[in-house]
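To convert, count from 1 in the sequence shown and add 218; that's our numbering. Every residue, glycine too, gets a C-beta built ideally from N, C-alpha and C. Below you'll find the structure, written out as structure tokens, and then a few comments.
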Amino acid sequence: MQPNRHILFIAVLIISFQLHGKQTSVSSNPETKGVFELVTLGSTGGIQDGNLSAFLLRTLSEPNYIALDAGTLTNGINVALSNNAFENLPMQTDNTLSTTGKILHHHIKGYLISHGHLDHVAGLLVASPEDNNKPIYGLKSVNQTMSDTYFNWQAWANFTDRGKPPLLNKYQVIDLVPQQTTNLKGTQLKVKAFSLSHPLESTAFVIEYEDNLFVYFGDTGPDKVEKQGKLAVVWEYLAKQMRTKKLRGVVIEVSFANDQPDNLLFGHLTPKWLLSEMHYFYSLVADKQQIKDMKVIISHIKYSLKSGTNPRLKIQQELNQGNTHGLKFILAKQGQLLIL
Ligand SMILES: [Zn+2]
Ligand SMILES: [Zn+2]
């Protein structure tokens, strides 16, 4: 009896050791270290110039960011610098440039533009005379808006490689084909673009690195109001991907509090509508823990001029009240660094 019990004990020890080993290899890397770094350059959906929709995303394995919209650029970099949001970034040495200049020239490798509204591109436009060569990625209609509306030698000089001549060829404009994978130059990231409903075509960018995913949603209305089913396409795609890959975070908009009537949403979400969309997404995902672990970063809250109102606080309360699935909502804040 004694030798048998001994063998049993050793067997249990080996199995539990293996299980433990497996658990740590799955959970320690994702939760403690993270894979992506997200810096918020601008968090509002207007009207606060200097703090308009813009984020930087990179993998922790390389010092190269991709910009997700660029409503605010230089000022966003400066606010992020003063918040030490670049403290993990191995900074390129270049004695000719300021730190802001080094980040803009050496560490931002391209722009993903969700749509042509000014609050998503103003920072890129005003910085363009001092920017260096890099690609601008967007859906065809988005790139067309940029050419027709801004880079047309009227609103602004044409710094791109298409549209009204003469072409200054600083920005290589790349048309993204919906739901087709494109490598983001100068980074290890890949992107897949999905069309979103908004007064003009908007975009969700699904970013992929190895078996990790991140999604940036440009402005979007809820499917039940827009009646085009475009968010459902993204949720269904993600739910499928999440069987083998890990979705680490999403940036998604909530422009107004719940008292905004549906006929005055203009292609935006409220807490009620975001929760409704997240409920649908939750229902599709097999691994519920994965959806609870991912960070849901709320962007595009409209700045209010009304006295005695705090849209951020109101939206936060409304999201918390309806958060029956225990999702991790984080309100984007300019200059904030998040590890996902
Ligand atoms: Zn916007
Ligand atoms: Zn918009």
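Cβ neighbour criterion (16 or more within 10 Å) applied to residue i
{"i": "Gly263", "result": "buried"}
{"i": "Ser271", "result": "buried"}
{"i": "His497", "result": "exposed"}
{"i": "Thr317", "result": "exposed"}
{"i": "Asp437", "result": "buried"}
{"i": "Gln552", "result": "buried"}
{"i": "Pro384", "result": "exposed"}
{"i": "Gly328", "result": "buried"}
{"i": "Asp477", "result": "exposed"}
{"i": "Leu523", "result": "exposed"}
{"i": "Gln310", "result": "exposed"}
Residue i, DSSP secondary structure in three states
{"i": "Leu259", "result": "strand"}
{"i": "Ala504", "result": "coil"}
{"i": "Glu426", "result": "strand"}
{"i": "Asp393", "result": "strand"}
{"i": "Asp480", "result": "helix"}
{"i": "Tyr498", "result": "helix"}
{"i": "Ile326", "result": "strand"}
{"i": "Glu455", "result": "Position check: residue 455 holds Tyr in this sequence, whereas Glu was assumed. Three-state result, Tyr455: helix."}
{"i": "Thr400", "result": "strand"}
{"i": "Thr560", "result": "Nothing in the structure corresponds to residue 560, since the chain is present only between 219 and 558."}
{"i": "Pro353", "result": "strand"}
{"i": "Ile557", "result": "strand"}
{"i": "Lys408", "result": "strand"}
{"i": "Lys510", "result": "helix"}
{"i": "Val360", "result": "helix"}
{"i": "Tyr521", "result": "coil"}
{"i": "Ser413", "result": "strand"}
{"i": "Ala288", "result": "strand"}
{"i": "Thr317", "result": "helix"}
{"i": "Leu537", "result": "helix"}
{"i": "Ser365", "result": "helix"}
{"i": "Arg276", "result": "strand"}
{"i": "Val469", "result": "strand"}
{"i": "Ile515", "result": "strand"}
{"i": "Val433", "result": "strand"}
{"i": "Ile331", "result": "coil"}
{"i": "Lys448", "result": "helix"}
Test item: CB-CB of residue i and residue j under 8 angstroms
{"i": "Phe474", "j": "Lys520", "result": "yes"}
{"i": "Ile354", "j": "Ile331", "result": "yes"}
{"i": "Thr402", "j": "Lys408", "result": "Thr is not the amino acid found at residue 402; the sequence shown has Leu there. Contact: yes."}
{"i": "Lys358", "j": "Tyr389", "result": "no"}
{"i": "Trp371", "j": "Lys382", "result": "yes"}
{"i": "Leu291", "j": "Tyr283", "result": "no"}
{"i": "Ser550", "j": "Thr258", "result": "The question names Ser, but residue 550 is Ala in the sequence shown. Yes; because the gap between Cβ atoms is below 8 angstroms, this pair is in contact."}
{"i": "Val468", "j": "Ile425", "result": "no"}
{"i": "Lys448", "j": "Ser413", "result": "yes"}
{"i": "Glu444", "j": "Ser415", "result": "yes"}
{"i": "Ser494", "j": "Pro529", "result": "no"}
{"i": "Leu502", "j": "Glu454", "result": "yes"}
{"i": "Asp393", "j": "Asn387", "result": "no"}
{"i": "Leu431", "j": "Gln459", "result": "yes"}
{"i": "Glu255", "j": "Ile548", "result": "no"}
{"i": "Gly544", "j": "Lys490", "result": "no"}
Expected contact under 8 angstroms - CB spacing of residue i and residue j to nearest Å
{"i": "Glu280", "j": "Thr405", "result": "7 angstroms"}
{"i": "Val472", "j": "Leu487", "result": "5 angstroms"}
{"i": "Asp287", "j": "Phe273", "result": "7 angstroms"}
{"i": "Ile470", "j": "Phe435", "result": "4 angstroms"}
Task: Quiz: which residues have CB nearer than 6 angstroms to ligand 1 non-hydrogen atoms - done: Here the list is Gly263, Ser271, His335, Asp337, His338, Asp437, His518.
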